[in-house]
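A.B. asks:
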Amino acid sequence: MVRGVTGVPVDRSSPVPLYFQVARSLQELITSGRLPPGARLDNEIQLAQDLGVSRPTMRKAIQYLVDRGLVVRRRGVGTQVVQAKVHRPVELSSLFDDLAAAGQSPRTRVLSLGLRAAGAIDDDLTDLALADDAEVWVVERLRLTGDEPLALMHNYVPADRVRLTEELLENAGLYQLLRETGVLFKVASQTIGARVASAPIARALGIGRGVPLLTMRRTAFDDRGRAIELGEHVYRADRYSFDLTLTIP
97 MVRGVTGVPV DRSSPVPLYF QVARSLQELI TSGRLPPGAR LDNEIQLAQD LGVSRPTMRK
157 AIQYLVDRGL VVRRRGVGTQ VVQAKVHRPV ELSSLFDDLA AAGQSPRTRV LSLGLRAAGA
217 IDDDLTDLAL ADDAEVWVVE RLRLTGDEPL ALMHNYVPAD RVRLTEELLE NAGLYQLLRE
277 TGVLFKVASQ TIGARVASAP IARALGIGRG VPLLTMRRTA FDDRGRAIEL GEHVYRADRY
337 SFDLTLTIP
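Under this note's numbering, read the sequence shown as residues 97 to 345, first letter to last.
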């Protein structure tokens with residue numbers, strides 16, 4: 097039991113609602129590891145007293161955390177911190193780099209790696225603009241945070257862009273390996289969607305068949321306009337989300 101959560105700032109003169117201030121402060125404690133997975137919070141009444149807010153405000157703050165998969169309410173147990181979701185900004189970066197920057201201890205398991213002719217690959221490689229006889233690296237990897245599977249990733253990379261080995265891919269992100277060859281990423285075309293897990297994907301990710309997944313298909317281009325990489329990834333929706341910042345044009 098985590099008792100006496102203190103040091104959570106509340107600015108009553110701010111236009112930001114009190115529940116949101118409290119929720120975001122608690123979210124920071126969770127994502128930073130100061131409230132680790134498995135930690136149990138005091139009940140709403142005690143937390144409200146500790147933080148100097150009303151019980152309805154505290155209840156709304158806790159619900160905010162529940163809705164984002166950061167805590168769960170269990171009968172007989174109370175409010176408990178769960179493994180935090182990975183919140184990834186929608187920008188031209190690799191999952192490995194994003195996890196490492198967030199202190200999430202990324203690990204990679206290479207499931208398959210080989211060279212194939214572009215014309216012999218069933219997937220649509222039109223975006224890579226390759227001749228049928230051009231060689232392509234075909235990569236399948238399982239990305240984990242610690243020991244927990246997070247994403248199943250298929251990538252296609254023109255063979256003349258980089259040399260790949262299982263050892264290299266297990267110790268670094270694909271984009272890092274490409275950057276080390278002199279590739280300067282410039283822009284990407286990306287589509288985000290959803291699907292349910294088939295039996296093979298469910299086994300790989302350690303989830304049940306039919307569980308919702310997030311999907312992402314991306315083609316990345318360098319500063320010379322060359323297509324560098326095509327990726328098709330599926331992510332556990334209970335552990336992963338995309339963050340977007342929207343602006344008025």
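Each residue gets a CB set at the ideal place from its N, CA and C atoms; glycine is no exception.
I need the boundaries of the beta strand (DSSP E) containing residue 247, first residue and last residue.
C.D. replies: What you label residue 247 is simply residue 151 of the sequence shown in a count that begins at 1. From DSSP, the beta strand (DSSP E) with residue 247 extends over 244 to 254.
A.B. asks: Give the DSSP-derived three-state secondary structure of residue 218 in the structure shown.
C.D. replies: For this step, residue 218 is matched to residue 122 along the sequence shown. Residue 218 falls in the coil class under three-state DSSP.
A.B. asks: Which residue from 178, 239, 209 puts its Cα closest to that of residue 232?
C.D. replies: On the sequence shown, position 136 is the one that residue 232 refers to. The shortest C-alpha separation from residue 232 is found at 209.
A.B. asks: For the beta strand (DSSP E) that residue 121 lies in, which residues bound it at each end?
C.D. replies: Counting from 1 along the sequence shown, the entry for residue 121 is found at position 25. Not the beta strand (DSSP E): residue 121 falls in the alpha helix (DSSP H), residues 114 to 127.
A.B. asks: Of the residues 229, 302, 286, 285, which one's Cα is nearest the Cα of residue 293?
C.D. replies: Taking the sequence shown and counting its residues from 1, one reaches residue 293 at position 197. Checking every option, the nearest Cα to that of residue 293 belongs to 302.
A.B. asks: With 16 as the cutoff for other CB atoms within 10 Å, does residue 251 come out buried or exposed?
C.D. replies: Counting from 1 along the sequence shown, the entry for residue 251 is found at position 155. Under this definition residue 251 is a buried residue.
A.B. asks: Nearest CA to the CA of residue 201: which residue from 116, 311, 129?
C.D. replies: Looking up residue 201 in the sequence shown gives position 105. For residue 201, the nearest C-alpha among the options comes from 129.
A.B. asks: Please report how far the alpha carbon of residue 393 lies from the alpha carbon of residue 219, in whole angstroms.
C.D. replies: Coverage of the chain is limited to positions 97 through 345, which leaves residue 393 absent and any answer about it impossible.
A.B. asks: Return yes when the Cβ of residue 158 is within less than 8 Å of the Cβ of residue 149, no when it is not.
C.D. replies: Position 53 of the sequence shown, counted from the first residue, corresponds to residue 149. Position 62 of the sequence shown, counted from the first residue, corresponds to residue 158. Not closer than 8 Å, so no.
A.B. asks: For residue 273, tell me which candidate among 313, 300, 107, 255 has the shortest Cα-Cα distance.
C.D. replies: Taking the sequence shown and counting its residues from 1, the one referred to as residue 273 is at position 177. It is 255.
A.B. asks: Rounding to the nearest angstrom, what Cα-Cα distance links residue 114 and residue 160 in this structure?
C.D. replies: Taking the sequence shown and counting its residues from 1, one reaches residue 114 at position 18. Taking the sequence shown and counting its residues from 1, one reaches residue 160 at position 64. The alpha-carbon atoms of residue 114 and residue 160 are separated by roughly 12 Å.
A.B. asks: If you follow the beta strand (DSSP E) that residue 305 is in, where does it begin and where does it stop?
C.D. replies: Within the sequence shown, numbered from 1, the residue matching residue 305 stands at position 209. Here residue 305 belongs to no beta strand (DSSP E), and DSSP marks it neither H nor E.
A.B. asks: Report, in whole angstroms, the separation of the C-beta atoms of residue 311 and residue 290, which I expect to be a contact under 8 Å.
C.D. replies: Numbered from 1 along the sequence shown, position 215 holds the residue referred to as residue 311. Numbered from 1 along the sequence shown, position 194 holds the residue referred to as residue 290. The Cβ separation is near 6 Å, so the contact holds.
A.B. asks: Quick one: what does DSSP say residue 144 is sitting in, helix, strand or coil?
C.D. replies: Counting from one through the sequence shown, the residue named residue 144 turns up at place 48. Helix.
A.B. asks: Do you know whose CA, among 156, 266, 215, 174, lies nearest residue 207's CA?
C.D. replies: In the sequence shown, residue 207 corresponds to position 111, counting from 1. When only C-alpha atoms are compared, the closest one is 266.
A.B. asks: Do the CB positions of residue 223 and residue 213 come within less than 8 Å of each other?
C.D. replies: To locate residue 223, count along the sequence shown from 1; it is residue 127. To locate residue 213, count along the sequence shown from 1; it is residue 117. Taking 8 Å as the cut-off, the beta carbon of residue 223 is found no closer than this to the beta carbon of residue 213.
A.B. asks: Whole-angstrom Cβ separation of residue 297 and residue 248, contact assumed at under 8 Å?
C.D. replies: What you label residue 297 is simply residue 201 of the sequence shown in a count that begins at 1. What you label residue 248 is simply residue 152 of the sequence shown in a count that begins at 1. Correct: roughly 6 Å between the Cβ atoms.
A.B. asks: What span of residues does the alpha helix (DSSP H) with residue 171 cover, start to end?
C.D. replies: Within the sequence shown, the letter at position 75 stands for residue 171. Unbroken run through residue 171: none, as it is neither H nor E.
A.B. asks: Going by other Cβ atoms of all chains shown within 10 Å of its Cβ, with 16 needed for buried, is residue 263 buried or exposed?
C.D. replies: To locate residue 263, count along the sequence shown from 1; it is residue 167. With fewer than 16 Cβ atoms within 10 Å of its Cβ, residue 263 is classed as exposed.
A.B. asks: DSSP three-state call for residue 151: helix, strand or coil?
C.D. replies: One-based indexing of the sequence shown puts residue 151 at position 55. Three-state result, residue 151: helix.
A.B. asks: For residue 204 and residue 331, what's the separation of their Cα atoms in angstroms?
C.D. replies: Taking the sequence shown and counting its residues from 1, the one referred to as residue 204 is at position 108. Taking the sequence shown and counting its residues from 1, the one referred to as residue 331 is at position 235. Near 14 Å, if we compare the C-alpha coordinates of residue 331 and residue 204.
A.B. asks: Can you list, in chain order, the residues of its chain with a C-beta nearer than 8 Å to that of residue 100? Leave out the 5 residues immediately preceding and following it.
C.D. replies: In the sequence shown, the residue the question calls residue 100 occupies position 4. In this prediction, residue 100 scores a pLDDT of 46, lower than 50, which makes its location untrustworthy; the coordinate-derived value is nonetheless stated afterwards. Within the same chain, residue 100 has close Cβ partners 138, 146.
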